[in-house]
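To keep things clear, I will list the structure first and then write my remarks on it.
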């Protein structure tokens with residue numbers, strides 16, 4: 001019984017340390033004039049899709065997923081060559 | 092026709108017969124050259140192919156194929172038949188034919204079924220291939236006849252190559268070293284170390300040539316031969332270290348099982364049988380009577396190796 005409680009408590013302790021705590025995020029607010037000191041007008045900067053949707057009202061359509069087949073076997077087969085030597089007997 | 096080649100008189104007669112027949116019929120039977128490595132199968136075939144003249148009077152070219160690199164029908168028809176063979180007059184030589192893939196063996200079973208006419212059509216996928224055997228000769232060679240698919244073997248005319256005799260090997264060595272003078276008996280001693288193998292004889296001649304060049308001499312006497320043997324570690328009868336090791340085990344332990352020899356040498360049973368026992372048995376250096384035993388000749392050879400130190 002005591003063991004079970006101890007185990008459950010340990011799990012709870014572990015769970016508390018997992019994942020992103022509520023309310024925290026990876027972004028910071030920066031004024032654009034400060035950013036322009038580092039970037040040219042042509043610079044491409046990543047912005048979140050949520051920010052685009054909520055701030056600009058722009059929704060980007062999802063790109064279809066490209067499935068690349070692991071086709072190494074057929075590549076190996078394609079590379080296989082028959083070894084041969086031609087004897088023409090021409091002096 | 093085979094003046095430049097030494098030995099294999101039976102093969103020479105057979106190939107001369109087929110060459111003469113070709114002049115009348117324009118067809119060569121499906122030949123299978125059988126024999127160990129280094130017996131001259133390819134060399135004899137090259138000479139033979141030169142005697143087959145095409146419509147333009149030129150010798151028929153010979154395409155030498157390594158059968159083990161053909162993995163399937165597709166590789167043969169797409170890489171070989173369509174670009175090189177089709178509409179040409181050519182000899183196809185399938186070396187190590189026992190390694191041909193199964194589907195191509197099946198195709199050849201059908202293609203070589205030409206009892207009535209020298210023409211055969213073969214359908215593969217959407218293609219139909221024409222085999223005109225007045226223009227295409229198909230010749231096979233193998234070192235492992237037992238591994239060839241029996242029905243295909245039955246379709247082929249088998250020519251058996253034999254090990255070379257000591258005097259033939261001597262001629263091969265001498266023929267390669269025209270400017271070198273040998274002491275009486277030396278050529279025979281050299282020949283005894285080549286295991287009846289023409290390729291080994293050519294290799295040995297090359298070694299003697301190198302020795303003579305480095306010593307700036309055209310004389311090759313017993314003393315020179317002894318020195319060369321010491322340098323290169325050439326054993327009596329051309330024995331290998333593995334064969335010597337097997338003889339030593341039998342001499343030290345007395346009659347032994349194959350399992351014991353395998354355990355002592357660390358080799359597999361098959362490898363011992365194939366790589367050591369075969370030649371030792373051929374030369375009467377060991378015998379098998381339930382267990383393996385060294386023979387009197389084997390003991391003498393082992394004494395010679397110990398005495399000379401090589």
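Protein chains in written order, with the working numbering: chain A, 1 to 91; chain B, 92 to 401.
Glycine included, every Cβ here is placed at the ideal spot set by N, Cα and C.
Given the structure is predicted, the values throughout are model-derived calculations rather than measurements.
Asked, Found
"CB of residue 297(B) within 9 Å of CB of residue 267(B), strictly", "yes"
"Test: residue 2(A) CB closer than 9 Å to a CB of chain B", "Unreliable positioning characterises residue 2(A) in this predicted model, as indicated by a pLDDT of 47, which lies under 50. The coordinate reading is nonetheless provided below. Taking Cβ atoms only, chain B never reaches closer than 9 Å to residue 2(A), which makes this a no."
"Sufficient close CB pairs (3 or more, under 8 Å) joining the region 258-272 of chain B to the region 147-164 of chain B", "no"
"Min CB distance residue 79(A) to chain B below 9 Å", "no"
"Within chain A, the residues that residue 234(B) reaches when beta carbons sit closer than 9 Å", "Neighbours of residue 234(B) on chain A: none; closest Cβ ~17 Å, over 9 Å."
"Residue 392(B) vs residue 349(B) beta-carbon contact at 9 Å", "no"
"Rounded Cβ spacing between residue 121(B) and residue 233(B) (contact assumed at less than 8 Å)", "At roughly 13 Å, the Cβ-Cβ gap does not stay under 8 Å, so residue 121(B) and residue 233(B) are not in contact."
"Bridge-paired residues (DSSP) for residue 150(B)", "144(B)"
"Proximal chain A residues relative to residue 155(B), where beta-carbon distance stays under 7 Å", "84, 85 and 87"
"Chain A within 9 Å of residue 140(B), Cβ atoms only", "yes"
"Beta-carbon proximity of residue 102(B) to residue 255(B), cut-off 9 Å", "no"
"Residues bridged to residue 218(B) [DSSP beta-bridge criterion]", "215(B)"
"Reference residue 176(B), options 153(B), 94(B), 195(B) and 189(B), closest by Cα", "153(B)"
"Nearest residue (CA-CA) to residue 387(B), options 227(B), 398(B), 397(B) and 375(B)", "375(B)"
"Beta-carbon spacing of residue 133(B), residue 185(B) below 9 Å", "no"
"Closer than 9 Å to chain B by CB, residue 90(A)", "yes"
"Short CB-CB distance (under 9 Å) between residue 177(B) and chain A", "no"
"Where residue 347(B) sits in the DSSP three-state scheme", "strand"
"At least three beta-carbon pairs within less than 8 Å, the region 362-376 of chain B to the region 313-323 of chain B", "no"
"Residues of its chain near residue 251(B), where Cβ-Cβ distance is below 6 Å and the 5 sequence neighbours each way are ignored", "125"
"Three-state secondary structure (DSSP) of residue 223(B)", "strand"
"is_contact[residue 227(B), chain A] using C-beta, thresh 9 Å", "no"
"is_contact[residue 358(B), chain A] using C-beta, thresh 9 Å", "no"
"Residue burial classification, residue 203(B) (beta-carbon count within 10 angstroms, cutoff 16)", "buried"
"Those residues which DSSP pairs with residue 54(B) across a bridge", "Lying outside 92 to 401, the shown extent of chain B, residue 54(B) is not represented and no answer is given."
"Three-state class that DSSP yields for residue 210(B) in the structure shown", "strand"
"Test: residue 128(B) CB closer than 9 Å to a CB of chain A", "no"
"Residue of 179(B), 164(B) and 396(B) minimising C-alpha distance to residue 326(B)", "396(B)"
"Range of the contiguous alpha helix (DSSP H) that encloses residue 197(B)", "193-202"
"Cβ-Cβ distance between residue 320(B) and residue 284(B) below 9 Å", "yes"
"With 16 other Cβ atoms within 10 Å as the buried cut-off, status of residue 65(B)", "Nothing about residue 65(B) can be reported from this structure: the residues present for chain B run from 92 to 401 only."
"Beta-carbon gap between residue 282(B) and residue 261(B) smaller than 9 Å", "yes"
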